[in-house]
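Residue numbers for the sequence shown follow the numbering used here, so the first one is 4 and each next one is one higher. The C-beta atom is built at its ideal place from N, Cα and C for all residues, glycine as well. These numbers were taken from a predicted model, which means no experiment stands behind them.
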Amino acid sequence: MLFSNRKYQKKVTNINEIYFINSENEKITVFSPYPKILLELKKLDIETRNVTLEELISKLCLMLVNEYERIMDAEEDYEMSEFRTTEFYKKITVLLNHVKEVSYNLYGYNEHKMPSLIKEFYIRKLDNLQHKPSGE
Numbered sequence: 004m005l006f007s008n009r010k011y012q013k014k015v016t017n018i019n020e021i022y023f024i025n026s027e028n029e030k031i032t033v034f035s036p037y038p039k040i041l042l043e044l045k046k047l048d049i050e051t052r053n054v055t056l057e058e059l060i061s062k063l064c065l066m067l068v069n070e071y072e073r074i075m076d077a078e079e080d081y082e083m084s085e086f087r088t089t090e091f092y093k094k095i096t097v098l099l100n101h102v103k104e105v106s107y108n109l110y111g112y113n114e115h116k117m118p119s120l121i122k123e124f125y126i127r128k129l130d131n132l133q134h135k136p137s138g139e
């Protein structure tokens, strides 16, 4: 069994800091206007009509996993820290966090009204905020 000297520290994502630059050279953030987010989803061939927020979250998460797996198949030593610096990761993360924020707002930030998947993400977000390391 291999042991690592590096201690894993859970990092809280500051959704105000994540962004990507789209093909029109515009900065897209979690809080960008919905028409811009919708356009970016369409560029990824993600249909938004007649799709639930949970389905959108699942599609975006699956895209992340599939891309990471594709790269891992090509490069055995590829690490998640490298993947997190890619434009693909940044784009999907922004879109994913946008959809999550819309869903939290839709349910009035009331976890008792939320469907299970959205509730799970919301509770994890609250837990991360409550256990945020000091100095951040």
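Proximity of residue i and residue j at Cβ, strictly below 7 Å
i             : j                : result
tyrosine 71   : phenylalanine 91 : no
glutamine 81  : tyrosine 107     : Looking at the sequence itself, residue 81 is tyrosine, so the reference to glutamine does not match. No, Cβ-Cβ distance for tyrosine 81 and tyrosine 107 is not below 7 Å.
leucine 120   : glutamate 58     : no
isoleucine 49 : lysine 39        : no
tyrosine 22   : lysine 30        : yes
valine 102    : isoleucine 60    : yes
Which residues DSSP lists as bridging residue i, in chain order
i            : result
threonine 32 : Tyr22
Span of the alpha helix (DSSP H), counted from its first residue to its last, around residue i
i              : result
asparagine 108 : 90-109
valine 68      : 56-77
aspartate 130  : 119-133
glutamate 43   : 37-46
tyrosine 85    : According to the sequence provided, residue 85 is glutamate. The question's tyrosine does not apply to it. Note, glutamate 85: alpha helix (DSSP H), 83-86.
Spatially closest choice to residue i from the options, by CA coordinates
i              : options                         : result
valine 33      : Glu27, Val105 and Lys45         : Val105
lysine 45      : Lys103, Lys94, Leu129 and Met83 : Lys94
asparagine 17  : Val97, Tyr37 and Glu50          : Val97
glutamate 27   : Glu43, Glu20 and Pro36          : Glu43
lysine 128     : Glu20, Asn100, Thr55 and Asn69  : Asn100
lysine 122     : Leu63, Leu47, Tyr110 and Asn131 : Tyr110
methionine 117 : Glu29, Thr55 and Thr51          : Thr55
Proximity test, residue i beta-carbon vs the ligand ATP heavy atom, cut-off 6 Å
i           : result
leucine 129 : This structure lacks the ligand ATP; in fact it carries no ligand of any kind.
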